[in-house]
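Asks: Have a look at this one before I ask anything.
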Amino acid sequence: MGDETGTRQLLLLHGLGATGEVWLPWAPLLERRWAGRWLAPDLAGHGWSPPLPAYTFAALARRVVDGLAPVADRLGPRDRLVVLGHSLGGVVALALAARQLGLAIEAVVGLGIKAVWSPAELDKARELAERPVTWFASRDEAARRYLRVSGLAGLFAPDHPVVDAGLRREDGRWRLAMDPAAFGVGEPRLAALLAATDVPVLLARGEHDPMVTDAQQEFGVPVATLPGLGHNAHVEDPEAVLALLDPYH
């Protein structure tokens, strides 16, 4: 977490299958470029955050709110949250900004949110959610599976410290820390989520992100395209993504 001099505090939310550690490489950059606190929690059912009985975007957001309670006690009355969420985390960010939650949110940046889901894609997600936990004989096997599931293959080596938070070892075997049921969270209703908030929202995507279409432009909020980047633009080029937050420093 950064220092306490600013009144805008940054909340970073990871995507499906990843953990809050995916933002770890941002730490030196944030120390230089972000004046306030920053926090990168694990979403429910990911990393060290316990699973939910059922996964909805509202339930994921409520878990984040619960985790913010100790931090909120240390914030000043004029402090505001800026929320940057990637993919699933972007949808959760929009859910956090809903009027009924009453959080003091300054703005939301949703990076790489998949807005259009085919019936086949939703069926595949439900199938993955119903699968039992897969066990691996070695950390390397589990790490390679984690990198594929989180979409981080080719961006982090299997032995990178960021990967450790996504793995668990029990009785000499390895598994992913993620609760498979989280795959079943379903299709985000972006129009409804955007209608439920009054805070500024920016939807961003990497130019070469295969998961995000031009449908983002249909929601009536600003859209930014990051040249040359893919779905995990925040890992590929942290400075380019952090620049999206320049208006809120």
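Residues in the sequence shown are numbered from -15 upward in steps of one, following my numbering. Just so you know, even glycine gets a beta-carbon here, dropped at the ideal spot from N, CA and C.
#1: Where Glu171 and Leu106 are concerned, what is the direct C-alpha to C-alpha distance, given to the nearest angstrom?
#2: So, helix, strand or coil for Trp22, using DSSP?
#3: Assign Gln(-7) to one of two classes, buried (16 or more other C-beta atoms within 10 Å of its C-beta) or exposed (fewer than that).
#4: Whole alpha helix (DSSP H) runs in the region 135 to 176 with 4 or more residues, listed along the chain?
#5: Should Ser102 be labelled buried (16 or more other beta-carbon atoms within 10 Å of its own) or exposed?
#6: Please report how far the alpha carbon of Met(-15) lies from the alpha carbon of Glu15, in whole angstroms.
#7: In this structure, what does DSSP give as the bridge partners for Leu210?
#8: Does DSSP put Gly69 in a helix, a strand or coil?
#9: I need the boundaries of the alpha helix (DSSP H) containing Val219, first residue and last residue.
#10: State the Cα-Cα distance for the pair Ala199 and Tyr232, rounded to the nearest angstrom.
#11: Opposite Arg16 in the DSSP bridges: which residues?
Replies: Short version:
#1: Each residue's Cα considered, the two are about 7 Å apart.
#2: In this structure, Trp22 counts as strand in the three-state DSSP scheme.
#3: The residue in question, Gln(-7), is buried, as its Cβ has 16 or more Cβ neighbours within 10 Å.
#4: Contiguous alpha helix (DSSP H) elements confined to the region 135 to 176 occur at 145 to 148, taking only those with 4 or more residues.
#5: Counting Cβ neighbours within 10 Å, Ser102 comes out exposed, since fewer than 16 surround it.
#6: Any reading at Met(-15) must be qualified, since the residue scores a pLDDT of 43, below 50, and its modelled position is unreliable; the value itself is stated next. Their backbone Cα atoms lie some 9 Å apart in a straight line.
#7: Looking at the DSSP assignment, Leu210 forms a beta bridge with Gly190.
#8: DSSP places Gly69 within a strand segment (E or B) once states are collapsed to three.
#9: Where Val219 is concerned, the enclosing alpha helix (DSSP H) starts and stops at 217 to 220.
#10: Approximately 26 Å between the Cα atoms of the pair.
#11: The secondary-structure analysis by DSSP pairs Arg16 with nothing; it has no beta-bridge partner.
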